[in-house]
Amino acid sequence: MKLIQQCIAIMLIFSLIGCNGPLRKSLWEKTYYEEKITGFYINEEDSVILISGEKFSYIIECDTKLCDLAKVSRDIEISTYFDDLTLMDDGIVTGEVRFYPAVETHKPIEQALFKQYQEAGLLKKTSSGEVIEKPQKITFEAKRYNVEGTLPFEVLEKPIDTRILVPDSTIEHAGKMVITPAAIVLDSAYILAITPFALLYFSAYMLSYAQVKDRR
């Protein structure tokens, strides 16, 4: 009997440390949930960005820098990358957003367009006259909401597929967003007027860290 127990223990050890051991895979495999983003909207009056998804919607209380870059994206094309999206215990999604000018710096850029990117802090010109990118990186927190009703906003032509890491698969917490004809009510307490929201025309990509690390 003792010999059988020892054999079982050895088999378990090899399963855990083996290159393709099934136990190792189940222990180390990360859990994500899939989300399709249908729109990005900004409410300048309340300094919030609303991200609508097919499963949940998300509210970011943006600082000046994030709100300014979001507003600029309505006038010039900006490539936007979201990385390291993670759902925390309290229903907050944390992550990082990076903004890039959607131009080819090795080609001539119209002066007016260059000035807009420069004022946004996304392009600069060296002393030798070379135009180079200045990517902007901002960390953020977004509260996740279950939505009752339909947001009366224009949506993206093609939803953006993304995934969000869930360190603890038992996390289910989300706030409550109720859509009325005139307002968005958050957790029965905080009210956002519908009218000030405007669609953001991000050239947006929701990619994993591994897919975009070459742009850092």
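Heads up: the sequence shown begins at 12 in our numbering, then just goes up one per residue. Every residue gets a Cβ at the ideal spot worked out from N, C-alpha and C, and that includes glycine. These numbers were taken from a predicted model, which means no experiment stands behind them.
Got a sec, what are the start and stop residues for the beta strand (DSSP E) residue i sits in?
| i | result |
| --- | --- |
| Phe51 | 43 to 54 |
| Ala81 | Segment 75 to 83 is the alpha helix (DSSP H) holding Ala81; no beta strand (DSSP E) there. |
| Asp57 | It is not in any beta strand (DSSP E) - Asp57 carries neither H nor E in the DSSP assignment. |
| Ala200 | Run containing Ala200: none; DSSP gives neither H nor E here. |
| Ile87 | Element bounds for Ile87: n/a, residue is neither H nor E. |
So, for residue i: in the same chain, excluding its five sequence neighbours on each side, which residues have a beta-carbon less than 7 Å away from its beta-carbon?
| i | result |
| --- | --- |
| Ser180 | Thr42 |
| Leu38 | Low confidence applies here, because Leu38 scores a pLDDT of 48, under 50, leaving its location unreliable; read the following figure in that light. Counting only Cβ-Cβ distances below 7 Å, and skipping sequence neighbours, we find nothing. |
| Lys154 | Tyr69, Ile70, Gly102, Ile103, Gly186 |
| Leu77 | Ile149, Phe151 |
| Val189 | Glu159, Gly160, Val196 |
Can you name, in chain order, every residue of its own chain whose Cβ lies under 8 Å from the Cβ of residue i, other than the five neighbours on each side?
| i | result |
| --- | --- |
| Leu176 | Lys41, Thr42, Tyr43, Asp95, Leu96, Thr97, Leu98 |
| Glu144 | Tyr111, Pro112, Thr116, Leu133, Leu134 |
| Ile202 | Ala194, Ile195, Val196 |
| Phe67 | Glu46, Arg155, Tyr156, Asn157, Val158, Ala185 |
With DSSP as the reference, please indicate the residues paired to residue i in a beta bridge.
| i | result |
| --- | --- |
| Glu72 | Val59 |
| Ala265 | Given a span of 12 to 227 for the chain in the structure shown, any question on residue 265 remains unanswerable. |
| Val189 | Glu159, Val196 |
Using a Cβ-Cβ cutoff of less than 6 Å, which residues in the same chain neighbour residue i once the five nearest sequence positions on both sides are dropped?
| i | result |
| --- | --- |
| Ser63 | Thr49, Gly50, Leu162 |
| Gly83 | The amino acid at residue 83 is misidentified as Gly; the sequence shows Val. Ala131. |
inquiry  = Quick check for students: name the residue ranges of the alpha helix (DSSP H) that lie wholly in the region 91 to 164, counting only runs of 4 or more.
reply    = Taken in chain order, the unbroken stretches of alpha helix (DSSP H) that lie wholly in the region 91 to 164 and span 4 residues or more are 122 to 130.
query = Do the region 83 to 94 and the region 115 to 133 make contact, defined as three or more Cβ pairs closer than 8 Å?
reply = yes
query = Per the contact definition of three or more C-beta pairs closer than 8 Å, is the region 72 to 80 in contact with the region 46 to 62?
reply = yes
message = Would you call the region 151 to 168 in contact with the region 109 to 124, where contact means no fewer than 3 C-beta pairs closer than 8 Å?
response = no
ask   = Does the region 164 to 171 come close enough to the region 103 to 115 to have 3 or more Cβ pairs within less than 8 Å?
value = These segments do not touch.
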